[in-house]
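Following: one structure in structure tokens, then a few remarks.
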Amino acid sequence: DGRVVVISGDTVPCPGLVDLARDADLLVQCCHFPESAVADPAVGAMTERTLPSAGQIGPLAAAAGVKHVVLTHLSMRVRGPGMLDALRADVARSYDGRITVGEDLAVFDV
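When we follow our numbering, the leftmost residue of the sequence shown carries the number 2, and every step to the right adds one.
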């Protein structure tokens, strides 16, 4: 029984990524900003083209039917108290699967 792991890198959601991640067991996804940071015009521009916000990840994972999302490549903006919980909450607004904030050297069973 094969398993599917998708590693997206610095990629904002797009139809090709949804297709690539379709029914994946694990999606490792760049999640650079909390949704609260998108109001900053510079951050907003980045989330349109390069580095996604947490609010963009939930719809992507839900549309693709991903079972587990690991958030990686976090901005320094998410290092403060409560920010990791905010990232999870931003993703969970539109995705009801498993959400993990990745850490260096983390290991996942697939």
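Each residue gets a CB set at the ideal place from its N, CA and C atoms; glycine is no exception.
Is it the case that the stretch 99-106 contacts the stretch 58-76, given that we only count it when at least three CB pairs across the two stretches are under 8 Å?
yes
List the whole-angstrom C-beta distance separating Cys32 from Ala65, where the pair is believed to meet the contact cut-off of C-beta under 8 Å.
At roughly 15 Å, the Cβ-Cβ gap does not stay under 8 Å, so Cys32 and Ala65 are not in contact.
So, for Pro60: in the same chain, excluding its five sequence neighbours on each side, which residues have a beta-carbon less than 6 Å away from its beta-carbon?
Ser95
Assess, as a yes-or-no matter, whether the stretch 21-36 is touched by the stretch 2-9 under the definition of 3 or more beta carbon pairs within less than 8 Å.
yes
Proximity winner among Thr48, Glu49, Leu18, Lys68, relative to Asp110 (alpha-carbon distances):
Lys68
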